[in-house]
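These notes concern the structure reproduced below.
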Amino acid sequence: MTSIHDVARRTGVSIATVSRALRGLPNVSPRTRELVQAAAAELGYVPSPSASGLSGGRHRAVALVIPSTGRWFYNRVVEGADSVLRGEGFDTFLVILAATMRNRQDLFRNALLRKRSDAVIALGIDFTVAEKEELRDLEMPAAVVGSAVPGVHSVGVDDAAAATAAVEHLLGLGHRRIGHIGGETAYGMDRSVGEDRSTAWREALERHGIAPHPSWHGLGQFLMPPAKAATTRMLHGEEPPTAIFAGSDEMAFGVLVAAAELGLRVPEDLSVIGIDDHDWSESYGLTTIRQDPYEQGRTAARTVLDALAGVESPILTRRSGFELVLRRSTGPLPRG
0 MTSIHDVARR TGVSIATVSR ALRGLPNVSP RTRELVQAAA AELGYVPSPS ASGLSGGRHR
60 AVALVIPSTG RWFYNRVVEG ADSVLRGEGF DTFLVILAAT MRNRQDLFRN ALLRKRSDAV
120 IALGIDFTVA EKEELRDLEM PAAVVGSAVP GVHSVGVDDA AAATAAVEHL LGLGHRRIGH
180 IGGETAYGMD RSVGEDRSTA WREALERHGI APHPSWHGLG QFLMPPAKAA TTRMLHGEEP
240 PTAIFAGSDE MAFGVLVAAA ELGLRVPEDL SVIGIDDHDW SESYGLTTIR QDPYEQGRTA
300 ARTVLDALAG VESPILTRRS GFELVLRRST GPLPRG
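Yeah, the sequence shown ends on 335 if you go by numbering that gives the first Met the number 0, and it's all consecutive.
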């Protein structure tokens, strides 16, 4: 059976463009519209009525559900998703958990029963069991950026693998007393991110025969001030670490500030590594594990647009890549 993929391949345009061209929507040149219509006729492709209704869009809007607006990561995902959606003629609107705490039990039902959107993208949320069921059963396309939800398309970095790469870098430099700043998150944030990164830190040390000292783990809440306070306590402990892996770059900034206030040189006295490659990381000279939340947002947006265009595909969990970015905040274990 001919699909929209076949028409897109024949004409060399995107699936979303094929959908718009066949439904008479704007932002398609006359020449492209003619090519798409001719290819569809030649291949015998006819859009399904249900797909046509969705792609036409009662609202031409997609809901982005996020825990808060106070995180660099979320903002980059939103920017990436919005860049794709607006390019296809869709508006976006935010549903912010921090502003809807009292109605959390009706998160998806209430936000979407307002009939403002044709699809939903949820970012980094600590879903309840009921919310996972609601998300899976929505009568509209949905995608998750972060930990996978069974039955829903998702995209995100492999948190355990990224954390392991960070710790292995420090181990490769000769460090054995390696601390970790991570742990607790703010309201609504996906707890598994911090948990997976902390577990990977511990397991990486144990594979090298290192038993982490209790004082080597601090809670930074993915924010700079709590990370700074946790680092100060850690560095005043019985066996202060010679290196610290922070579960995000924003927490790593707190580690760097704490080290400076204690008169420690980085990396001569303390090596520091984070995860993200935040916009400020280069200025801080921070070695980090780079991920690309902007592209994760774009991928999630393309996923729901494909569904709105009538593209049938199996539920996918996409894991985006990461890479070690070496800067001046990590160095070899000092001798003596």
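Note that beta-carbon positions come from the ideal geometry of N, C-alpha and C, so glycine has one too.
Can you list, in chain order, the residues of its chain whose CB lies under 6 Å from that of residue i, leaving out five sequence neighbours each side?
i: VAL192; result: ASP158
i: ARG317; result: VAL154
i: THR1; result: LEU42, GLY43 and TYR44
i: ALA245; result: ILE180, ALA251, VAL254 and GLY273
i: THR302; result: ALA142 and HIS152
i: SER49; result: Any reading at SER49 must be qualified, since the residue scores a pLDDT of 45, below 50, and its modelled position is unreliable; the value itself is stated next. Answer for SER49: no residue qualifies.
Report the rounded CA-to-CA distance for residue i versus residue j, giving the unit in angstroms.
i: ALA141; j: ALA242; result: 41 Å
i: VAL271; j: PRO292; result: 22 Å
i: ARG190; j: GLY123; result: 9 Å
i: HIS4; j: ALA308; result: 10 Å
i: ALA121; j: PRO66; result: 9 Å
i: GLY178; j: GLY284; result: 19 Å
i: GLU237; j: ILE209; result: 16 Å
i: TRP215; j: THR231; result: 11 Å
i: ILE336; j: VAL27; result: Summary: the structure shown does not reach residue 336, with the chain confined to residues 0 through 335, and so no result is reported for it.
i: GLU281; j: SER247; result: 14 Å
i: GLY182; j: HIS207; result: 22 Å
i: PHE221; j: VAL148; result: 22 Å
i: VAL76; j: THR91; result: 13 Å
i: ASP195; j: GLY11; result: 41 Å
i: LEU21; j: ARG70; result: 39 Å
i: LYS227; j: ARG201; result: 21 Å
i: ASP125; j: GLU133; result: 14 Å
i: PRO313; j: ALA306; result: 11 Å
Grab me the residues of residue i's own chain with a C-beta within less than 7 Å of its C-beta, minus the 5 sequence neighbours each way, in chain order.
i: THR163; result: ALA199 and ALA203
i: VAL6; result: VAL17, VAL35, ALA38, ALA39, LEU42 and TYR44
i: LEU323; result: ALA164, HIS168 and ILE288
Using a Cβ-Cβ cut-off of 8 Å (strictly less than) and excluding sequence neighbours within five positions of residue i, which residues of its own chain qualify?
i: PHE89; result: GLY56, ARG59, ALA60, VAL61, ASP117 and LEU304
i: LEU169; result: ILE177, ALA242, PHE244, SER270, ILE272 and THR329
i: LEU261; result: THR231 and LEU234
i: ARG9; result: ALA38, GLU41 and LEU42
Quick one, which of the options has its alpha-carbon nearest residue i's?
i: GLY320; options: GLU132, ILE95, GLU237 and GLN295; result: GLN295
i: GLY86; options: THR16, VAL128 and LYS227; result: THR16
i: TYR73; options: GLU267, GLU249 and ASP268; result: GLU249
i: ARG264; options: LYS131, PRO333, GLY219 and PRO224; result: PRO333
i: GLU130; options: ALA161, ARG115, LEU96 and VAL156; result: LEU96
i: HIS174; options: ALA160, PRO239 and MET223; result: PRO239
i: THR298; options: PRO225, VAL156, ARG326 and GLU267; result: VAL156
Below 8 Å on the Cβ atoms is my guess for residue i versus residue j; work out the distance and round it to an integer in Å.
i: PRO331; j: LEU137; result: Not quite, the Cβ-Cβ distance comes to about 52 Å (not below 8 Å), so this is no contact.
i: ALA257; j: LEU234; result: 7 Å
i: ALA80; j: LEU63; result: 6 Å
i: VAL166; j: MET139; result: The pair is not a contact, with the Cβ atoms about 41 Å apart (cut-off 8 Å).
i: THR287; j: ASP275; result: 6 Å
i: GLY150; j: ARG135; result: 4 Å
i: ALA300; j: VAL128; result: 27 Å between Cβ atoms; not a contact.
Please indicate yes or no: does the CB of residue i lie closer than 8 Å to some heavy atom of the ligand COA?
i: ARG176; result: This structure lacks the ligand COA, and indeed carries no ligand of any kind.
Run through the stretch 205 to 231 for me and flag every whole beta strand (DSSP E) of 3 or more residues, listed as ranges in chain order.
216 to 218
Which runs of the alpha helix (DSSP H) at least 4 residues long sit entirely within the stretch 17 to 42? Give them in chain order.
29 to 42
Counting only runs that start and end within the stretch 224 to 294, where is the beta strand (DSSP E) found for 3 or more residues in a row?
242 to 245, 270 to 275 and 286 to 289
Alpha helix (DSSP H) segments (min. 4 residues) lying fully within the stretch 139 to 178:
158 to 171
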